[in-house]
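In terms of the working numbering, the sequence shown opens at residue 2 and continues consecutively. Worksheet: the structure to be examined is printed underneath.
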Amino acid sequence: QVQLVESGGGLAQAGGSLRLSCAASGETASLYGMGWYRQAPGTQRELVAVITSGGKTNYAGSVRGRFTISRDNAKNTVYLEMHSLKPEDTAVYYCNAYEIRGRIIDYWGQGTQVTVSS
Numbered sequence: 002q003v004q005l006v007e008s009g010g011g012l013a014q015a016g017g018s019l020r021l022s023c024a025a026s027g028e029t030a031s032l033y034g035m036g037w038y039r040q041a042p043g044t045q046r047e048l049v050a051v052i053t054s055g056g057k058t059n060y061a062g063s064v065r066g067r068f069t070i071s072r073d074n075a076k077n078t079v080y081l082e083m084h085s086l087k088p089e090d091t092a093v094y095y096c097n098a099y100e101i102r103g104r105i106i107d108y109w110g111q112g113t114q115v116t117v118s119s
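Here you go:
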């Protein structure tokens with residue numbers, strides 16, 4: 002089992018910045034990817050950014066160029082630097098980690114609220 006604990010988030014003005022962190026604990030040796038998803042009220046959870054253990058990244062088009070994901074494998078921690086925030090970035094952000102054992106096994110954090118005011 003893997004536990005994910007998020008920190009950061011909160012309230013920011015449009016154009017501002019925030020940083021999210023997510024620390025993984027437990028059976029982390031087999032983790033392959035870590036990343037962030039978000040869910041706004043009335044919408045489906047969507048991918049924001051993901052990074053593999055080898056450093057390969059993938060971003061949603063809506064955040065590319067504004068958000069940066071990074072990972073400290075030694076600390077089993079993933080970060081999301083968010084810049085040029087927009088009101089439409091407002092959502093609950095969830096940390097995700099996954100391993101591949103013939104199938105993908107997902108782990109989720111409890112979520113952290115990000116609110117961007119106009």
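C-beta: ideal position from N, C-alpha, C; glycine also.
- Under the DSSP assignment, GLY11 falls in the beta strand (DSSP E) whose first and last residues are 11 to 14.
- Pairing SER118 with GLN14 gives a Cβ-Cβ distance under 7 Å.
- Judged by their CB atoms, ILE52 and ARG72 are nearer to each other than the 7 Å cut-off.
- The beta carbon of VAL79 is closer than 6 Å to those of CYS23, MET35 and ARG72 in its chain, skipping five residues each way along the sequence.
- C-alpha of SER26 to C-alpha of GLN114: approximately 22 Å in a straight line.
- Between the C-alpha atoms of SER31 and GLY62 there is a straight-line separation of about 28 Å.
- Residue environment for ASP90: buried (at least 16 other C-beta atoms within 10 angstroms of its C-beta).
- Residues of the same chain with a CB within less than 7 Å of the CB of LYS87, apart from the 5 flanking positions on each side, are ALA15 and VAL117 in chain order.
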